[in-house]
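To start, the structure itself, in structure tokens.
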Amino acid sequence: MNLEPTTLVFELVNFLVLLWVLQRLVYRPLHQAIHARREELAEERAGLQAQREALEKEQTELDEGLDRLDELQAQVRREATEAAVKERARILEGAREDAASERARVQALLASERKATEAWVRSVAVERGTEVAGALLKKLAPEALDAALERGLVQAIDAHQEQLRHSWEREGGELPEAELVGATLPGDRAVKKVREALTGAVGARPRLHVREDDRLEAGLLLRLGDHVLDGSLAGQLEAFRALAEEGAPEAKKQADG
Amino acid sequence: MNQDMLALVSIVTAGATIALGSIGPALGQGRAVAQALDAIARQPDAANQITRTLFVGLAMVESTAIYCLVVALVLLFANPLLG
Amino acid sequence: MNGDYFARDLLELGPLTITDTLVVSLALSVLLAGLGAIAMRFPGPREVLEVAYETLERSVREMVAVDAGPLVPLVLTLWAFILSANLVGLLPLVSSPTRDLSITTALALISFFAGHVFAFRQQGWRYLKHYLKPNPLMLPFNIIGELSRTLALALRLFGNILSGELIAAILLYVAGLLLPVPLMLLSVLTAVVQAYIFGVLTLVFAASSVHVVAGSPPGEDGGEEPPPSSPANPTPTLEGTAS
Chain A
51 MNLEPTTLVF
61 ELVNFLVLLW
71 VLQRLVYRPL
81 HQAIHARREE
91 LAEERAGLQA
101 QREALEKEQT
111 ELDEGLDRLD
121 ELQAQVRREA
131 TEAAVKERAR
141 ILEGAREDAA
151 SERARVQALL
161 ASERKATEAW
171 VRSVAVERGT
181 EVAGALLKKL
191 APEALDAALE
201 RGLVQAIDAH
211 QEQLRHSWER
221 EGGELPEAEL
231 VGATLPGDRA
241 VKKVREALTG
251 AVGARPRLHV
261 REDDRLEAGL
271 LLRLGDHVLD
281 GSLAGQLEAF
291 RALAEEGAPE
301 AKKQADG
Chain B
808 MNQDMLALVS
818 IVTAGATIAL
828 GSIGPALGQG
838 RAVAQALDAI
848 ARQPDAANQI
858 TRTLFVGLAM
868 VESTAIYCLV
878 VALVLLFANP
888 LLG
Chain C
45 MNGDYFARDL
55 LELGPLTITD
65 TLVVSLALSV
75 LLAGLGAIAM
85 RFPGPREVLE
95 VAYETLERSV
105 REMVAVDAGP
115 LVPLVLTLWA
125 FILSANLVGL
135 LPLVSSPTRD
145 LSITTALALI
155 SFFAGHVFAF
165 RQQGWRYLKH
175 YLKPNPLMLP
185 FNIIGELSRT
195 LALALRLFGN
205 ILSGELIAAI
215 LLYVAGLLLP
225 VPLMLLSVLT
235 AVVQAYIFGV
245 LTLVFAASSV
255 HVVAGSPPGE
265 DGGEEPPPSS
275 PANPTPTLEG
285 TAS
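Have a look at this one:
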């Protein structure tokens, strides 16, 4: 129960020795081993960390490169698309222009062709038509034709009273001298009618020279001074032909329009 | 006679010492344990730390009872007055 | 009964009295050192030792706010020695060295001086200033407190172990062979807890004296570790596994 100095002192020494021995044999080696291992791990981790950082950096660079490539690709594609659109538009425009000009040319060609044909056809038709018409008229109803032509001349005289008067006055105011030409020598009745009409028109009784000209084919022709009133069949046909020739351009114009 | 009387008184006193001296630490330890359980119930995460602190505290509180025990032992086995 | 449950004198060599507790503690020291030295030579046990050392070292370092590196070997040795000394009493024919007050006093003295040496190495002579806190009038009380807690350290271990053995012996004497077994199981718990507490208190006391000086008003000391946490209440930040 009481304190034993020997035990106390020996126990102190005993414990301190135990502490020292354990420190030498156990604690210090363990501590060093653990410390070394920790440092090793730390170093390893630092190395791995650096490696990882390098890899991450590399990856970032690669990503950036990929981004750039993507951008470039998009740009190239955009440019190509634009160029293609432009080229297509240009080609289309050219084609359209070519087509238009070709069409215009063909149309012009066709038009001229048609015009020539039409002219030819018309001239042929008019030629033939007038020939046939004249022949027919002369052959089928010579009297009616003569009468009609005569009446036509009289009406023409009535219609051209003014001009006839002027023409007569320019002659010098003498008795009017008119020439009446017929395909066959005009009969008295016809001469009389013309004279009456002429007298009505001029206001004086003219002197009529009667002449025959078979070029007229039928009907009568009156000349007073420089004024000529053609009532012959040839003249009528000629006038009709001219009228037909003249009417052609208008008809063509209407067809074009 | 005197020696017998002294021995008797010593034995009775030793019993009274350990009996009375146990009351305080018992109450204190019970209170500490109750508080520690309460704290663990509140914060189960800190149970480890609370337990360790509790053990240290219990040891400190127990010191009082140990003092009483030592006094009782001295009275019983190493009474300086009994020769 | 007297003499059976305290240290027995085995032989006397002049002025030296050799007790059985001293012999057992010497034997335990040799055993521990031998076991340690042998275990270090084989990879398997060595790894076990490494794991145990690492765990215990970390727990010791985490218990206190100051750097307790120099105290780690002392605390570990205290744990190992006291635990084995407590448990060896469970073997038949052998009794614990720690039921001898001389042994526990020696251990408490080591704890006491270790704390002061540690504080001195940390801060030089300035550590003595903490005896004058909070004011110089408290010097005697501080000294008494210092001594009494050392005394309490010795008495606590001694009383716990001795009482366990005494109770077991009394029960054996009174009731027979098997009844002491539950109480012996309880004394196993006591042995572990007391060993643990001895080491922890050593650590806490040593750290607290450093703490008090370092935590004193600023500008007075150049100590580089002034965690200003409760110098009067050195609560350990306990973490880790039991001993």
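Protein chains in written order, with this note's numbering: chain A, 51 to 307; chain B, 808 to 890; chain C, 45 to 287. Glycine included, every Cβ here is placed at the ideal spot set by N, Cα and C.
Report the residue from A:V63, A:N64, A:V59 whose alpha carbon sits nearest the alpha carbon of P59 (chain C). Position 15 of the third sequence, counted from the first residue, corresponds to residue 59 (chain C). Closest option to P59 (chain C), Cα to Cα, is A:V59.
My understanding is that M84 (chain C) touches L93 (chain C), with C-beta atoms under 8 Å, so please give their C-beta distance in whole angstroms. Residue 84 (chain C) sits at position 40 when you count from the first residue of the third sequence. Residue 93 (chain C) sits at position 49 when you count from the first residue of the third sequence. The Cβ separation is near 7 Å, so the contact holds.
With a 10 Å radius around its C-beta and 16 neighbouring C-beta atoms as the bar for buried, classify H259 (chain A) as buried or exposed. Position 209 of the first sequence holds residue 259 (chain A). A residue is called buried when at least 16 other Cβ atoms come within 10 angstroms of its Cβ; H259 (chain A) does not meet this threshold and is exposed.
Using a Cβ-Cβ cut-off of 8 Å, state whether R200 (chain C) counts as contacting chain B. Working through the third sequence from its first residue, we reach residue 200 (chain C) at position 156. Yes, R200 (chain C) counts as interfacial toward chain B.
Based on the DSSP secondary-structure assignment, which residues constitute the bridge partners of V231 (chain A)? Mapped onto the first sequence, residue 231 (chain A) falls at position 181. Secondary-structure assignment with DSSP links V231 (chain A) through a beta bridge to A:R261, A:L271.
If I follow the unbroken beta strand (DSSP E) through G189 (chain C), where does it start and stop? The residue labelled residue 189 (chain C) in the question sits at position 145 within the third sequence. Membership of G189 (chain C) in any beta strand (DSSP E) is not indicated; the residue belongs instead to the alpha helix (DSSP H) covering 183 to 219.
On the three-pair Cβ rule with 8 Å, is the segment 88 to 107 of chain A touching the segment 105 to 118 of chain C? Taking a contact to require three or more Cβ pairs closer than 8 Å, the segment 88 to 107 of chain A and the segment 105 to 118 of chain C do not qualify as touching.
Using a Cβ-Cβ cutoff of 7 Å, what residues of the segment 141 to 159 of chain C are near chain A? List them in chain order. Listed by position, the residues of the segment 141 to 159 of chain C near chain A (Cβ gap below 7 Å) are D144, L145, S146, I147, T149, A150, L151, L153, I154.
May I have the straight-line CA-CA distance separating L227 (chain C) from L210 (chain C), to the nearest angstrom? Your numbering for residue 227 (chain C) matches position 183 in the third sequence. Your numbering for residue 210 (chain C) matches position 166 in the third sequence. Between L227 (chain C) and L210 (chain C), the C-alpha separation is close to 11 Å.
I want to verify the contact list: residues of chain A whose CB lies under 8 Å from the CB of Y97 (chain C), in sequence order. Translated into positions along the third sequence, residue 97 (chain C) becomes position 53. The contacting residues are V76, Y77, L80, H81, I84.
Report yes if the CB atom of R261 (chain A) is closer than 8 Å to the CB atom of A284 (chain A), and no otherwise. Taking the first sequence and counting its residues from 1, the one referred to as residue 261 (chain A) is at position 211. Taking the first sequence and counting its residues from 1, the one referred to as residue 284 (chain A) is at position 234. Cβ distance not < 8 Å, so R261 (chain A) and A284 (chain A) don't count as in contact.
From S260 (chain C) to K107 (chain A), what does the alpha carbon distance come to, in whole angstroms? In the third sequence, the residue the question calls residue 260 (chain C) occupies position 216. In the first sequence, the residue the question calls residue 107 (chain A) occupies position 57. The predicted model places S260 (chain C) with a pLDDT of 42, which falls under 50 and marks its position as unreliable; any figure quoted below should be read in that light. Cα-Cα distance, rounded: 50 Å.
Would you mind telling me which residues of chain E sit closer than 7 Å to S207 (chain C), beta carbon to beta carbon, in chain order? In the structure shown, chain E does not exist; the protein chains are A, B and C.
At least one CB of chain C closer than 8 Å to the CB of E121 (chain A): is that the case? On the first sequence, residue 121 (chain A) is found 71 positions in, with the first residue counted as 1. Answer no: the Cβ-Cβ gap between E121 (chain A) and chain C never drops below 8 Å.
Roughly how many whole angstroms lie between the Cα atoms of L115 (chain C) and A839 (chain B)? Position 71 of the third sequence, counted from the start, is the residue given in the question as residue 115 (chain C). Position 32 of the second sequence, counted from the start, is the residue given in the question as residue 839 (chain B). The alpha-carbon atoms of L115 (chain C) and A839 (chain B) are separated by roughly 29 Å.
What would DSSP say about D276 (chain A), mapped onto helix, strand or coil? As a first step, residue 276 (chain A) is located in the first sequence; it is residue number 226 there, counting from the start. Assignment of D276 (chain A) by DSSP, reduced to helix, strand and coil, places it in the coil class.
Would you say A81 (chain C) faces chain B, with C-beta separation under 8 Å as the test? Translated into positions along the third sequence, residue 81 (chain C) becomes position 37. So, not an interface residue.
Going along chain C, which residues have a C-beta under 7 Å from E61 (chain A)? Working through the first sequence from its first residue, we reach residue 61 (chain A) at position 11. Close partners of E61 (chain A) in chain C (Cβ separation under 7 Å): L66, S69, S146, I147, A150.
The segment 146 to 158 of chain C in contact with the segment 184 to 197 of chain C per 3-pair CB rule at 8 Å: The segment 146 to 158 of chain C vs the segment 184 to 197 of chain C: in contact.
Using DSSP with H/G/I as helix, E/B as strand and the rest coil, what is E56 (chain C)? Within the third sequence, numbered from 1, the residue matching residue 56 (chain C) stands at position 12. Three-state result, E56 (chain C): strand.
For L69 (chain A), return the contacting residues in chain C, with the cut-off set at a CB-CB distance below 8 Å. For the purposes of this step, residue 69 (chain A) is identified with residue 19 of the first sequence, where counting begins at 1. Within chain C, the residues near L69 (chain A) are P117, L118, T121.
For a test of the three-state rule: what should DSSP assign to A286 (chain C), helix, strand or coil? Position 242 of the third sequence, counted from the first residue, corresponds to residue 286 (chain C). Confidence at A286 (chain C) is low in this model, with a pLDDT of 34, below 50, so the placement of that residue should be treated as unreliable; the coordinate-derived value is given next. Shown here, A286 (chain C) sits in coil according to DSSP, grouped into three states, outside any helix or strand.
For the segment 215 to 245 of chain C, list every residue whose C-beta sits within 8 Å of some C-beta in chain B, in sequence order. Of all residues in the segment 215 to 245 of chain C, V237, Q238, Y240, I241, V244, L245 have a Cβ within less than 8 Å of some Cβ in chain B.
Amino acids of chain B, ordered along the chain, whose beta-carbon sits closer than 7 Å to that of A196 (chain C): Here the question's residue 196 (chain C) lines up with position 152 in the third sequence. Here the neighbours are S870.
Classify L183 (chain C) as buried or exposed, calling it buried when 16 or more other Cβ atoms lie within 10 Å of its own Cβ. In the third sequence, residue 183 (chain C) corresponds to position 139, counting from 1. That one is exposed.
Against chain C, with Cβ distances strictly below 8 Å, would Q73 (chain A) count as a contact? Start at 1 with the first residue of the first sequence, and residue 73 (chain A) comes out as number 23. Yes, because at least one Cβ of chain C sits closer than 8 Å to the Cβ of Q73 (chain A).
What does the alpha-carbon distance come out to for the pair L834 (chain B) and R90 (chain C)? Locating residue 834 (chain B) in the second sequence gives position 27, counting from the first residue. Locating residue 90 (chain C) in the third sequence gives position 46, counting from the first residue. One C-alpha to the other measures close to 46 Å.
Which residues mark the beginning and the end of the alpha helix (DSSP H) in which T17 (chain C) is found? There is no way to answer for residue 17 (chain C), as the model of chain C reaches only from 45 to 287.
Take every Cβ of the segment 285 to 292 of chain A, pair it with every Cβ of the segment 170 to 181 of chain A, and state whether three or more of those distances are shorter than 8 Å. Short answer: they touch.
Would you mind listing the beta strand (DSSP E) stretches within the segment 169 to 245 of chain A that are 3+ residues and don't spill past its ends, in chain order? At a cut-off of 3 residues, the continuous stretches assigned as beta strand (DSSP E) that sit fully inside the segment 169 to 245 of chain A are 227 to 232.
Kindly list, in the order they appear in chain A, the residues whose Cβ is closer than 7 Å to that of E94 (chain C). Locating residue 94 (chain C) in the third sequence gives position 50, counting from the first residue. Against chain A, a Cβ distance below 7 Å from E94 (chain C) picks out L80, A83, I84.
D144 (chain C), buried or exposed, once every other Cβ within 10 Å from all chains shown has been counted against 16: What you label residue 144 (chain C) is simply residue 100 of the third sequence in a count that begins at 1. D144 (chain C) counts as buried, since no fewer than 16 other beta carbons sit within 10 angstroms of its beta carbon.
Look at the alpha carbon of L172 (chain C) and the alpha carbon of G864 (chain B), and state the distance between them as a whole number of angstroms. Counting from 1 along the third sequence, the entry for residue 172 (chain C) is found at position 128. Counting from 1 along the second sequence, the entry for residue 864 (chain B) is found at position 57. Rounded to the nearest whole angstrom, the CA to CA distance from L172 (chain C) to G864 (chain B) is 26 Å.
Which residues bound the alpha helix (DSSP H) around N179 (chain C)? Start at 1 with the first residue of the third sequence, and residue 179 (chain C) comes out as number 135. Per DSSP, N179 (chain C) lies in no alpha helix (DSSP H) segment and is marked neither H nor E.
If you measure between the beta carbons of T249 (chain A) and R257 (chain A), is that distance less than 8 Å? Within the first sequence, residue 249 (chain A) is the residue found at index 199, counting from 1. Within the first sequence, residue 257 (chain A) is the residue found at index 207, counting from 1. Not closer than 8 Å, so no.
Quick one: is N204 (chain C) near chain B, going by C-beta distance under 8 Å? By one-based count along the third sequence, residue 204 (chain C) stands at place 160. So yes, N204 (chain C) belongs to the interface.
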